[in-house]
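Heads up, the sequence shown is in the working numbering, so the first residue is 21 and it goes up one at a time. C-beta atoms are modelled at their ideal positions from N, C-alpha and C, and glycine is treated no differently. Just so it is clear, the structure is predicted and the values come from calculations on it, not from any experiment.
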Amino acid sequence: MSTAADKPVLPGSLNANRSLARWIRINDDGTVAVRVGKVEIGQGILTALAQIAADELDVELHQVRIVTANTESNPNEGMTSGSRSVEESGEALRYVCAEVRALFMQAAARALAASIEKLQVSEGVFHVDGKRTSYWDLAAEVDLVREASAQVPPKQAADLTIVGRYAQRIDLPAKIFGEPAYIQDMALPGLAHGRIVRPPNYAAKLLSLDDAGVRALPGVIAVVRDGDFLGVVAEREEQAIKAAAVLAQACRWDAPRQLPHEAQIYDYLTSRPVETAVISDKKDEKAKARTHTTLEATYRKPYIAHASIGPSCAIARYDGERYELWSHSQGIYPLRGDMVKCLRVPADRIVVHHADGSGCYGHNGADDVALDAALLARAVSPRPVRVQWMRADESGWEPFGPAMVMKLKASTDAQGNIVDWTHETWSNPHSNRSGRGPGSTLIAAPHMADPVPVSPPIDSPLPAGASHRNAIPLYEFPNQKVARHLIMDTPLRISALRALGGFANVFAIESMLDELAIACGADPVEFRLRHLKDARARAVIERVAQMADWKSGEKGDGTRGRGIGFCKYKNLGSYCAVIAEVVLEQELRVVKAWAAVDIGRVVNPNGAINQIEGGVLQATSWTLKEAVRFDDNFVTSLGWDTYPILTFAEAPRVEVQLIDRPSETSKGAGEGAQGPTGAAIVNALHNAVGVRVRELPLTRERIMAAMA
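Spelled out as structure tokens, the structure:
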């Protein structure tokens, strides 16, 4: 009997989900159901996956029905993260659909008494010599409950008619026209509303509670206490909000102050015990002996919030035996794994449905609020309970992207060639997602009377990396040492924020590249090209320079300037080069950004461009405005007044060009632009006014201090 270890490795997510029937079902209504485990979080992935399936099956895009991910029927594709969906799910679908098409071709050939070679297929119909049949005619004869072989090759690029072309996003019409689209809009029969009362800080313990007055409030169905977990359920949402406010006043907590102060955070991080690993070490003593000029600099990035405009939300229902959850989680199967530990029931008694969430990306509060809802629903079974976090819940309790410190030292020879490079980074781990450890990562898990221990955060290893993502430069340096110093002491709650450590590391690398170019009297574009051999890397830099009409050696005018940034995301994914134009007024403003991007084979050009535009805008916000504020007790940036983000009026114009490479593997687009954009803005500031700011965000105060 063969074991899993004996089986060949299959492409993408197909390796862990080998049944064809898990992916494809032929519907009775002339459509094809495509089940995937990746979820829509605004990135347009379901449209791209539908395009891939339609092309390989030879059906029209309107004949494809993507089945919303759920743990009952859809394949387990883990997390929708890391810009890997097209690589993992898309690659799996290519082979699944190619094999399904081949099986139906064989059945059609038998039914029509014709050779497979003579069959033609269009819109799901097989025809030859005036005879025809279809997927739907043959569905009863073709058994898809079989293991995929991945032996049927997908189509060549030249044979694709849907992939690589514009397709209307299947998720947008409802959102644009105000139809119920988000989990925040869902309304189940008998729906009750819940709110959570959080502790004053991470270390707080509930000493006493007098909830009699809360229980007597209009509409209150239940006050739920489970250890230090505390919530209310009411008939109406405004009743739940009022009851939670009253309940918060009825609590007495022991809340020791345990945080370092925000002003000392970088010194705190670099003084903590670390796990050090040298991740790149190249030596060439002859090249090092040519050292002429040496620069050293330290770059800093603060804790950054996801700052989802729509706070996290979940719905749960418990019928006494089975939990049913609706969540905008990026990983419904990993979330179910944590729910098994916290609710103490087997996995077959928990079903998780994905539902779109407003403002959902990265590891925000989506998983946490799902456990909140389940604990409240258990108390009022069988009624479903909707828990909508408030702004302070989201801003204070979501996991943040870690603060980071990067110390760089580099040397050039007399000709301006980099001969030595050192990069050290200090950071917390960058992931604490559900389903990855022995305990749970959900907020309520350790607060329960029968607590589930908190799983420690992890830092994904190279080649993708996490805190050290993109710390190894793509440039060619004869001497190079890159070291990661991992700090397991995490003052604030942290986890995966878009691009992970890649944003800060690229900001540091590309800033140092500019500093070296200036010291050598070299043009920043030419200087980068001088140190790059990768032809695709050179192509995006050359393209963006052409797009922006970059002039060699161009200088700012004292208020306005331009800068460039580049990276190959994770050194595995998309190539992206960005030129940003800034103007210094009362605040620094980004006027325009140009981006040239190579993601290999482009599935949906418009969708890819949307992702790059979004990445540029998000990175602009991070670079100019965003930083989590806190004191020695807890987070203090609990609203938009204390955690400002880029407004519509402040958004720059963004121009994107894709370099399509149909013969290459498709790569994700969503996280490739953040690092280059942040670096380009910082470099543009120096080009404009001649000062270098090495700590983000680029606030008015920091710029003025640098100019003083």
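P696: buried (16+ other C-beta within 10 angstroms of its C-beta) or exposed? The residue in question, P696, is buried, as its Cβ has 16 or more Cβ neighbours within 10 Å.
Rounded straight-line distance, which links the Cα of A412 to that of G659: The alpha-carbon separation between G659 and A412 amounts to approximately 6 Å.
Would you give the residue range spanned by the beta strand (DSSP E) that V54 belongs to? V54: member of the beta strand (DSSP E) spanning V52 to R55, first to last residue.
So E76 is in the beta strand (DSSP E); what residue range does that whole segment cover? Here E76 belongs to no beta strand (DSSP E); instead the alpha helix (DSSP H) covers I65 to L77.
I335 and W346: beta carbons closer than 7 Å? Going by C-beta atoms, I335 is nearer than 7 Å to W346.
Suppose contacts are defined by Cβ-Cβ distances below 7 Å. Is A112 in contact with L34 by that definition? Yes, the Cβ-Cβ distance between A112 and L34 is below 7 Å.
Span of the beta strand (DSSP E) holding G214? A212 to I216 is the span of the beta strand (DSSP E), which, as asked, contains G214.
How is C540 classed by DSSP in three states: helix, strand or coil? Helix.
Residue range of the unbroken beta strand (DSSP E) whose run includes I584: Per DSSP, I584 belongs to the beta strand (DSSP E) from R580 to K588.
Return helix, strand or coil for L227, following the three-state DSSP convention. In this structure, L227 counts as strand in the three-state DSSP scheme.
Does the Cβ of V29 have 16 or more other Cβ atoms within 10 Å, making it buried, or fewer, making it exposed? An exposed status is given to V29, since fewer than 16 other beta-carbon atoms sit within 10 Å of its beta-carbon.
Taking the alpha carbon of P402 as the point to measure from, which residue in L77, G351 and V253 has its own alpha carbon closest? Closest by alpha carbon: V253.
Straight-line CA distance for M532 to A317? Between M532 and A317, the alpha-carbon positions lie close to 8 Å from each other.
Ends of the beta strand (DSSP E) at H147? First-last of the beta strand (DSSP E) with H147: V145 to V148.
With H373 as the anchor, note down where its alpha helix (DSSP H) starts and where it stops. The continuous stretches of alpha helix (DSSP H) do not include H373, which lies in the beta strand (DSSP E) extending over residues I370 to H374.
Which same chain residues, not among the five before or five after S449, have their C-beta less than 6 Å away from its C-beta? Per the sequence shown, the amino acid found at residue 449 is Pro instead of Ser. The residues are P477, I478 and D479.
From V240, A275, Q677 and P276, pick the residue whose C-alpha is nearest to that of A265; which is it? Comparing Cα-Cα distances from A265 to each of V240, A275, Q677 and P276, the minimum goes to V240.
With the cut-off set at 7 Å, would you say R563 and L549 are in Cβ contact? Contact: no.
With DSSP as the reference, label V425 as helix, strand or coil. Strand at V425.
Which class does S33 belong to by DSSP, given the choice of helix, strand or coil? The answer is helix: DSSP assigns S33 an H, G or I state.
Paired residues, beta bridge with Y343 - DSSP: BP columns for Y343 point to Y338 and I370.
Within a Cβ cutoff of 8 Å, which residues of the same chain sit near I190, ignoring the five residues on either side of it in sequence? Hits under 8 Å: L66, T67, A70 and I86.
Name the DSSP beta bridge partners of T432, please? Looking at the DSSP output, T432 bridges to T313 and I438.
Given P625, which residues of its chain have a CB within under 8 Å of its CB, disregarding the five upstream and five downstream residues? Counting only Cβ-Cβ distances below 8 Å, and skipping sequence neighbours, we find G184, R185, Y186, L678 and D680.
Under the three-state reduction of DSSP, which class applies to A307: helix, strand or coil? Residue state, collapsed to three classes: helix.
For D301, report the span of its beta strand (DSSP E) as first-last. E295 to K302 is the span of the beta strand (DSSP E), which, as asked, contains D301.
Report yes if the C-beta of R38 is less than 6 Å from at least one heavy atom of the ligand SAM; otherwise report no. Here there are no bound small molecules, and the ligand SAM is not part of this structure.
Would you mind working out which of I182, K302 and D661 sits nearest P623, comparing C-alpha positions? The sequence shown places Val at residue 623, not Pro. Answer by Cα proximity: I182.
Going straight from the alpha carbon of W273 to that of Y222, what length do you get? Rounded to whole angstroms, W273 to Y222 spans 12 Å at the Cα level.
If you check the beta carbons only, do A159 and I44 fall under 7 Å apart? In this structure, I44 does not lie closer than 7 Å to A159 by Cβ.
Cβ-based neighbour list, D388, same chain, cut-off 8 Å, excluding 5 preceding and 5 following: S332, W417, E418, L462, I463 and A464, listed in sequence order.
According to DSSP, what are the bridge partners of I463? According to DSSP, which records beta bridges pairwise, I463 is partnered with nothing at all.
Would you decide whether S415 is buried or exposed? Buried here means 16 or more other CB atoms lie within 10 Å of its CB. With 16 or more other Cβ atoms within 10 Å, it is buried.
How would you label M727, buried or exposed, when you count the other beta carbons within 10 angstroms and need 16 or more for buried? Answer is exposed; the Cβ neighbour count stays below 16.
What is the rounded straight-line gap between the Cα of G710 and the Cα of G578? Each residue's Cα considered, the two are about 8 Å apart.
Here's the rule I'm using: 16 or more other beta-carbon atoms within 10 Å means buried, otherwise exposed. How should M508 be labelled? M508 is exposed by the Cβ-count criterion.
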